[in-house]
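Written out below as structure tokens is the structure these notes cover.
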Amino acid sequence: MEVPKIFGYIGLATSVLILTSLVKTVYIYIRPSSLPRYCKEGDESWAFVTGASDGIGQGFAQELCARGFNVFLHGRNPEKLLRIQETLRKEYSARQTRIILYDASKIDASIDDIASQIGETTRLTVLINNVGGMGMMMPCPYVNLQDFTFEDMQTVLSVNATFSAHITRVLLPLLLKNQPGLIINISSTTKFGIPWLAPYVATKAFAIGFGDALSAEMRAEKHDVEVLGVIVGSVESASNPATPSIFTPTSRAMASAVLDRVGCGELSVWGHWAHRLQGIALDVLSQKMFQDIATTQVRKLRLEQEQKKVK
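Mind the numbering: the sequence shown is residues 19 to 329 in our numbering, read in order.
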């Protein structure tokens with residue numbers, strides 16, 4: 019075969035792959051969500067949202083009520099949860115909400131009792147593992163690994179990883195009983211490696227790996243439980259009081275985008291199309307190059323926060 023023809027075939031194959039990838043990506047963001055299959059008409063379907071006190075968690079509660087679900091609101095602050103519950107009651111009078119109080123930073127065997135709080139007769143079909151963050155390390159979450167105390171490290175890992183694994187373990191029997199079921203694990207762009215956030219970054223990678231393995235397990239066991247990992251970028255919230263924009267959606271807009279991705283056929287996906295556009299940089303750059311760019315930005319934030327502490 020002539021060399022020019024070989025290069026021609028390679029070019030054609032590359033073009034086909036790029037076009038296929040583009041079409042697949044566009045399809046993910048324009049296709050209708052499969053969420054309705056988990057909320058059957060005439061049946062009281064419930065969703066469990068962890069970290070529903072504010073931010074994306076509150077957005078999930080609002081969107082799920084708007085889409086016909088009753089919602090378990092999990093958190094550790096009863097005042098916040100009661101306020102949200104009252105708001106939802108006024109906005110969505112046909113929907114029911116119940117509060118589940120549990121501190122994700124202080125896990126023990128009592129977490130198993132959450133299943134009994136929900137009850138065997140409740141049709142739980144959706145679990146959203148949303149709780150997380152570095153609020154416990156504020157006002158400056160960017161910390162050298164060696165400067166973490168034992169307690170701080172345990173809290174970060176517990177809130178962002180251990181709790182999600184345990185609550186999934188506890189609620190999975192109910193999801194299996196009420197198949198089809200859905201589990202959404204929220205990750206973030208930090209999973210690609212951001213300095214001075216090592217424990218937190220590890221938990222975001224854990225969310226994807228844990229979900230991938232559980233998804234394989236569900237398929238191997240012939241269970242109709244969809245497990246979807248979702249990568250989230252910048253979102254306007256109490257912990258990130260940025261001005262909402264295309265690339266920084268509101269918490270509710272982000273929650274809506276995530277729910278729209280249900281049934282996309284992927285194990286993990288960028289939740290918002292605008293974040294996917296930003297993620298193209300990760301497809302082009304090496305991970306090390308991305309980390310170098312991120313380091314420059316985080317170094318500035320770290321310096322600003324340290325200066326505020328001095329003042």
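No residue lacks a Cβ here, since even glycine has one placed at the ideal position from N, Cα and C.
According to DSSP, is residue i helix, strand or coil?
i, result
"residue 312", "helix"
"residue 55", "helix"
"residue 330", "Shown here, the chain extends from 19 to 329; a query on residue 330 therefore has no answer."
"residue 116", "strand"
"residue 264", "coil"
"residue 90", "strand"
"residue 129", "helix"
"residue 19", "Because residue 19 sits at a pLDDT of 46, beneath the cut-off of 50, its placement in the model cannot be relied upon, and the following sentence gives the value as read from the coordinates. Looking at residue 19 - three-state DSSP - the assignment turns out to be coil, as it is neither helix nor strand."
"residue 175", "helix"
"residue 26", "In this prediction, residue 26 has a pLDDT of 49, which is less than 50 and means its spatial position is unreliable; nothing more can be read from the coordinates."
"residue 317", "helix"
Under the rule that 16 or more other beta-carbon atoms within 10 Å means buried, what is residue i, buried or exposed?
i, result
"residue 122", "buried"
"residue 11", "A question about residue 11 goes unanswered here, because the residues of the chain that appear run from 19 up to 329."
"residue 25", "Residue placement at residue 25 is poorly supported in this model, since its pLDDT is 42, which falls under 50; the coordinates still yield a value, given next. Under this definition residue 25 is an exposed residue."
"residue 104", "exposed"
"residue 224", "buried"
"residue 314", "exposed"
"residue 203", "buried"
"residue 197", "exposed"
"residue 310", "exposed"
"residue 109", "exposed"
"residue 212", "buried"
"residue 267", "buried"
To the nearest angstrom, how far is it from the Cα of residue i to the Cα of residue j?
i, j, result
"residue 305", "residue 210", "7 Å"
"residue 179", "residue 291", "26 Å"
"residue 282", "residue 199", "15 Å"
"residue 166", "residue 62", "45 Å"
"residue 76", "residue 102", "8 Å"
"residue 255", "residue 271", "11 Å"
"residue 128", "residue 285", "31 Å"
"residue 161", "residue 215", "6 Å"
"residue 298", "residue 139", "45 Å"
"residue 30", "residue 150", "Reliability fails at residue 30, whose pLDDT of 48 lies under 50, so the model's placement of it is uncertain and the value that follows must be treated cautiously. For residue 30 and residue 150, the distance between alpha carbons rounds to 45 Å."
"residue 249", "residue 95", "26 Å"
"residue 321", "residue 241", "49 Å"
"residue 187", "residue 325", "43 Å"
"residue 226", "residue 55", "23 Å"
Using alpha carbons as the reference points, say which of the options lies closest to residue i.
i, options, result
"residue 169", "136, 125 and 249", "125"
"residue 74", "297, 298, 172 and 258", "258"
"residue 182", "80, 69 and 265", "69"
"residue 85", "174, 93, 65 and 95", "65"
"residue 43", "252, 234 and 287", "287"
"residue 280", "41, 98 and 57", "57"
"residue 193", "171, 164 and 245", "245"
"residue 59", "120, 141 and 50", "141"
How about residue i: is its C-beta nearer than 8 Å to some C-beta of chain B?
i, result
"residue 125", "The displayed structure is made up of one protein chain only, and chain B is not part of it."
Examine the ligand HEM and report whether any of its heavy atoms sits within less than 7 Å of the Cβ of residue i.
i, result
"residue 59", "In terms of ligand content, the structure shown is empty, and the ligand HEM therefore cannot be addressed."
query = Should the region 266 to 278 be called in touch with the region 217 to 237, which here means at least 3 C-beta pairs below 8 Å?
reply = Flag = no, the region 266 to 278 and the region 217 to 237 do not touch.
Inter-stretch contact at 8 Å, needing at least 3 Cβ pairs: the region 75 to 95 / the region 109 to 121 = Counting Cβ pairs under 8 Å, three or more are found: they touch.
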